[in-house]
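Peer 1: One structure, as structure tokens, below. Some questions next.
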Amino acid sequence: MQINRQNVKWAVRLMLVVLLVGGTDVLVAIFARRPLPLMAIIPALTPMLVVVFIVLPMTRAEKS
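Count along the sequence shown from 1, then add 16; that gives the number in our numbering.
Structure follows, in structure tokens:
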């Protein structure tokens, strides 16, 4: 895989997903009264978000 503008775009999307999920998890830990259920659910959303925001658009871009 060569490093070009298109590949950097996907890497930035992946970093944003990871940072947003991590930041949301930290905010829930700080501000929620009972954070345990949410702290288990939020990181579990990471694979779904990666598929929605990275894998599906990447496959559509390769088809065209």
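Yeah, the Cβ is synthetic: ideal placement off N, Cα and C, and Gly gets one too.
Where does I58 sit, in a helix, a strand or coil, going by DSSP?
Peer 2: Here residue 58 refers to the residue found at position 42 of the sequence shown. I58 falls in the helix class under three-state DSSP.
Peer 1: Since P53 and A45 are thought to touch, with beta carbons under 8 Å apart, how far apart are those beta carbons, to the nearest angstrom?
Peer 2: Along the sequence shown, read from residue 1 onward, the residue named residue 53 stands at position 37. Along the sequence shown, read from residue 1 onward, the residue named residue 45 stands at position 29. Not really, about 12 Å apart at Cβ, beyond 8 Å.
Peer 1: Please report the straight-line C-alpha distance between A27 and V42, rounded to a whole angstrom.
Peer 2: For the purposes of this step, residue 27 is taken as the residue at position 11 of the sequence shown. For the purposes of this step, residue 42 is taken as the residue at position 26 of the sequence shown. Going by the C-alpha atoms only, they are around 23 Å apart.
Peer 1: Could you give the distance in angstroms between the alpha-carbon of L35 and the alpha-carbon of N20?
Peer 2: For the purposes of this step, residue 35 is taken as the residue at position 19 of the sequence shown. For the purposes of this step, residue 20 is taken as the residue at position 4 of the sequence shown. Cα to Cα, the separation comes out at about 22 Å.
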